């Protein structure tokens, strides 16, 4: 299988392309327009053109090595066979109605599997919303507005394309984006174990975000994660019994989550339990230096949210070391009489010296990771200059938790993130990111 | 104590008011300008005016019944005594440096407690960022931009003003707002048990959101919650040992969380474990009808996120009833051959019939609460018309989980919320809101 075909197709056929807005074959055409290469809408019942591309009758008439199949499930085997005969090497099959339906659907899926095998076609799906590579303006998907997903350094591979999409939009909402996004669906022959190495090889991907309901190839999946030099974070759904629904969704087998959790108990791999944690962990693993250990130094301008973060972290592998004598002396100089000079350090209010306090804690030899909480004040802003110096001189993760009206702090948030300092809008999101960093360096070697 | 003095002050003295931007006494003046009544900046060292208000030398020279004390802790006792002599009935004390510091600070706090007692002054704080009542444009706080907090129907009372503020901004970011927001700080004589009944009596407050680190008056606190006709949701911090930090913050005593959790195990009261859940639960309790029971009907346009929500809910008190024969027949008519007609109902993709599917499930007698997940598509929008009919005709909570670019779905999100249908931007937030609704009707009577 050559998943890389999806990254660099040489000509794309859109089979079942349509002029009618709202139809899947039209939505797919809408999205593929930005692709920098030949696009061929294939539909024997249509004449003229769609978005300036001339309709053709058959995939035999075109020079394409990727097909986006926008046809209903009963037609898919025939279409895929034609693709194979025409030399198309990769296909995205959007339609549902295969293994997830059982009965006739399962038979259809077996049929397309054997056609794919016969002609050596890499198939994404069936039963997927497709994939997207924003930095190439390449959107092999029918999802409206998918072109609004931002470009970034987090790669997503999800069993459910719905989760891939909602996570991509969520990353975009946070000012981030994706390097590539794949919805696997029923995985006829493109599995986690195919996409994860491709993302690991992709120089634009600095963290791999995985959503899994269940796969027959657990060993291959875990091996791919283990062998990845790029850190991997996974949301394994199914803490409780959701077997019927998951089977009916992407034909996912019922499995004990422990298999995945045990497999992820090693450096570089992290498991989470919500989509928010999934994207936040992706962000922090992509942008932060690898911490040396679990020792967290907390600096807050308002203790209340800092206590919430501390409380959360105490339930994880985090440690709260004493600060060195040197740091405490420096803090005493910077902030005479501040409310709390132990770790956590609390200044009680944002103040001009806040950046220096972060600096003191970040340079403390006992501290591996810094977590900051500060409500935004216009007259002070965020200590971007101090953080810039720290980011250059100190190779430790700093997570910055913000609060205030979005529009007020947006610019400085983005400035911090450009320095590799991820930001979070609630205390527990900041704390969860720190916990993920710690998990990423713990576990069996 | 008359907490109501904070709601309707007749003249406000700002003691320690300043012309210098960035000073606390200037920030407080900035915020109080929108108050529709007399404002008196009090500062014997200042001349002229600030924001058009003439400085006066002493609180004796003014006719005010609320004082915002912007002076450092050592001066507070003297200032409070003057307030008492001048007949000021209520005061907000911003400064820290009292009981949370121990030693001399604790002595200062004892002193102001006895002055407050002698002159019968209702004191908010010390060690607080104050309070806000947006619908009255009344901001007794030094927090910059607090005037951007939206007006809404959620009342907040937080031990940490920092948590009150970050939660208020978060609610605003979600398109909601607060009816009133109080940061208690060190609670010299204004306690949870004073503010909660005031919010319960406030016709603009439909849910009360509480943040508590620990209070000596647990019994009064729990009694106030129990006696409230308005639903109450609490975030009790301190699942782990954070006693030192909390003591140093708001002089909170170390306490076993079980006391609070047991006390909240009754209808109308809900506990949560994050600030996001806190505000989401506030929203859903404020806007939704009370459900008849724990039976959840789920309708999804993309199964993956729906499975995540289902998985989460299976770990709570939620039940997933079979749909009635009538509903299933109706679903078969509306959506022939849809992917999954059991509960959860999954349509596989947004479609024009999606609103009808929600309608069928919401009208099912076996269903008490409806949870919906749908990625936004421009050509379909969200089924606002069908939801409007449902909101009028069916007295059941509907929680709607959205996905897509914010700006695309913003209008329809707000339209649904205007119907009393709260919306959420991740599957687990929607699921948590449903779990909170179920918790609000369970527990001991």
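Chains as they are written, first to last, in the UniProt record's numbering: chain A, 1 to 445; chain B, 1 to 445. Beta carbons: idealized from backbone N, C-alpha and C, even for Gly. What you are looking at is a predicted structure, and each value in this text was computed from that prediction instead of being measured.
Give me whichever residues DSSP pairs with residue i in a beta bridge.
i: residue 98(B); result: Note: residue 98(B) sits in no beta bridge, so no partner.
i: residue 236(A); result: 212(A)
i: residue 66(A); result: 12(A) and 90(A)
i: residue 41(A); result: 14(A)
i: residue 371(A); result: 298(A) and 399(A)
i: residue 230(B); result: Paired residue(s): none; residue 230(B) is not in a bridge.
i: residue 207(A); result: 154(A)
i: residue 312(A); result: Per DSSP, none; premise fails for residue 312(A).
i: residue 440(A); result: According to DSSP, which records beta bridges pairwise, residue 440(A) is partnered with nothing at all.
i: residue 329(B); result: Residue 329(B) pairs with nothing; no bridge assigned.
i: residue 54(A); result: 49(A)
i: residue 345(A); result: 299(A)
i: residue 319(A); result: 295(A)
Taking residue i and residue j to be in contact with their CB atoms under 8 Å, please state how far apart those CB atoms are, rounded to whole angstroms.
i: residue 217(B); j: residue 193(B); result: 6 Å
i: residue 402(B); j: residue 425(B); result: 6 Å
i: residue 364(B); j: residue 324(B); result: 5 Å
i: residue 184(A); j: residue 159(A); result: 5 Å
i: residue 305(A); j: residue 373(A); result: 5 Å
i: residue 211(B); j: residue 279(B); result: Not quite, the Cβ-Cβ distance comes to about 11 Å (not below 8 Å), so this is no contact.
i: residue 70(B); j: residue 16(B); result: 4 Å
i: residue 266(A); j: residue 443(A); result: 4 Å
Quick check on the DSSP output: the alpha helix (DSSP H) that includes residue i runs from which residue to which?
i: residue 31(A); result: 24 to 32
i: residue 122(A); result: Per DSSP, residue 122(A) belongs to no alpha helix (DSSP H); it is in the beta strand (DSSP E), 122 to 124.
i: residue 409(B); result: 406 to 418
i: residue 425(A); result: It is not in any alpha helix (DSSP H) - residue 425(A) carries neither H nor E in the DSSP assignment.
i: residue 119(B); result: 103 to 119
i: residue 247(B); result: 243 to 250
i: residue 167(A); result: 161 to 173
i: residue 192(A); result: 192 to 201
Confirm the yes/no value for this check: CB of residue i, any heavy atom of the ligand HEM, distance under 7 Å.
i: residue 348(B); result: With respect to small molecules bound, the structure shown includes none, and the ligand HEM cannot be examined in it.
Considering only residues of the same chain and omitting the five flanking positions on each side of residue i, which have a CB-CB separation below 7 Å?
i: residue 316(B); result: 435 and 438
i: residue 116(B); result: 80, 123, 188 and 189
i: residue 1(A); result: In this predicted model, residue 1(A) has a pLDDT of only 48, less than 50, meaning its place in the structure is not dependable enough to derive any value.
i: residue 318(B); result: 294, 296, 434, 435 and 438
i: residue 36(B); result: 137
i: residue 404(B); result: 375 and 376
i: residue 259(A); result: 218
i: residue 134(B); result: 149, 150, 151, 177 and 178
i: residue 335(A); result: 347, 353 and 357
i: residue 378(B); result: 408
In chain order, what residues of the same chain lie with their CB nearer than 8 Å to the CB of residue i, ignoring the 5 residues before and after it?
i: residue 73(A); result: 95, 96, 97, 98, 105, 108 and 126
i: residue 246(A); result: 213, 214, 237, 238, 252 and 254
i: residue 273(A); result: 235 and 239
i: residue 358(A); result: 299, 370, 372, 383, 386, 387, 390 and 398
Keeping to the same chain, check which residues put their C-beta closer than 6 Å to that of residue i; ignore five residues upstream and five downstream.
i: residue 9(A); result: 65 and 66
i: residue 277(B); result: 432
i: residue 83(A); result: 59, 67 and 91
i: residue 140(A); result: 68, 92, 130 and 131
How far does the beta strand (DSSP E) with residue i in it reach, from first residue to last?
i: residue 138(B); result: 138 to 141
i: residue 181(B); result: 178 to 183
i: residue 133(B); result: 130 to 133
i: residue 157(B); result: 151 to 158
i: residue 272(B); result: 269 to 272
Could you name the residues of the region 175 to 202 of chain A whose beta carbon sits closer than 8 Å to any beta carbon of chain B, in the order they occur along the chain? Residues passing the 8 Å Cβ filter: none.
Counting only Cβ-Cβ distances shorter than 7 Å, please list the residues of the region 300 to 323 of chain A near chain E, keeping chain order. Of the protein chains in this structure, namely A and B, none is chain E.
Given a limit of 7 Å on CB to CB distance, which residues of the region 103 to 127 of chain B reach chain A? For the region 103 to 127 of chain B, which is checked against every Cβ of chain A, not one residue is closer than 7 Å.
Tell me which residues of the region 77 to 101 of chain A have at least one Cβ-Cβ distance to chain B shorter than 9 Å, keeping chain order. Flagged, chain order: 96, 97, 100 and 101.
Give me the subset of the region 355 to 378 of chain B whose CB atoms are less than 7 Å from a CB atom of chain A, sorted by chain position. Contacts with chain A (Cβ-Cβ distance below 7 Å) from the region 355 to 378 of chain B involve 375, 377 and 378, listed in chain order.
Using a beta-carbon distance cut-off of less than 7 Å, what residues from the region 274 to 289 of chain A approach chain B? Within the region 274 to 289 of chain A, the qualifying residues are 274, 275 and 276.
Taking a Cβ distance cut-off of 7 Å, strictly less, list which residues of the region 127 to 138 of chain B are near chain A, in chain order. Hits within the stretch: zero.
Anything in the region 210 to 232 of chain A with a Cβ closer than 8 Å to a Cβ of chain B? List those residues in chain order, please. Taking 8 Å as the cut-off between beta carbons, the residues of the region 210 to 232 of chain A near chain B are 211 and 213, in sequence order.
Near-chain B residues of the region 240 to 254 of chain A (beta-carbon distance less than 8 Å), N- to C-terminal order: Against chain B - using a Cβ distance shorter than 8 Å - the residues of the region 240 to 254 of chain A are 240, 241, 242, 244, 245, 246, 248, 249 and 250.
Interface residues of the region 396 to 414 of chain B facing chain A [CB-CB below 7 Å]: Within the region 396 to 414 of chain B, the residues whose Cβ lies closer than 7 Å to some Cβ of chain A are 403, 404, 405, 406 and 408, listed in chain order.
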